[in-house]
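Single-structure report; data block below.
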């Protein structure tokens with residue numbers, strides 16, 4: 021697979037938009053980045069996975085997936101070796117990163133909505149004597 025394949029597959033997912041992050045191609049859904057081509061010069065695509073999902077991918081296919089070095093890798097950011105990945109593997113990995121961001125956005129939206137359902141500002145400021 022190539023960077024062009026990565027871009028094509030990422031943009032085929034619902035609600036995805038490409039944008040420039042630090043001058044490099046990145047992909048987001050619901051305002052959250054889930055993948056990038058920041059390391060395309062080294063032959064990698066980057067996926068924003070959970071640490072647990074990263075561990076599964078690396079264990080199942082260490083010739084294709086590796087953690088990004090340093091702190092970002094510890095948070096689940098993962099390289100995918102484009103030349104070693106089949107279209108099915110690349111599409112599945114991008115879909116997984118996309119779904120993580122969709123689920124995280126939905127969870128944040130629910131949490132924010134629940135927080136607004138509490139006391140109104142008027143009631144918060146009043147004290148009983």
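Residue numbers (the working numbering): 21 to 149.
Heads up, the beta-carbon is just placed ideally off N, CA and C, and yes, glycines get one too.
All values derive from a computational prediction rather than experimental measurement.
- Collapsing the DSSP output to three states places residue 114 in a helix.
- Per DSSP, residue 30 is one residue of the alpha helix (DSSP H) stretching across 23 to 32.
- Closest by C-alpha distance to residue 31, out of 55, 41 and 44, is 55.
- Residues 94, 95 and 96 of the same chain have their beta carbon placed closer than 8 Å to that of residue 71, with the five preceding and five following residues left out of the count.
- Burial check for residue 39: the Cβ neighbour count within 10 Å stays below 16, so the residue is exposed.
- Residue 82 counts as exposed, since fewer than 16 other beta carbons sit within 10 angstroms of its beta carbon.
- Within 10 angstroms of the beta-carbon of residue 65 lie 16 or more other beta-carbons, which makes it buried.
- The distance from the Cβ of residue 21 to that of residue 110 is about 5 Å, consistent with a contact at the 8 Å cut-off.
- Annotated three-state conformation of residue 59 is coil, per DSSP.
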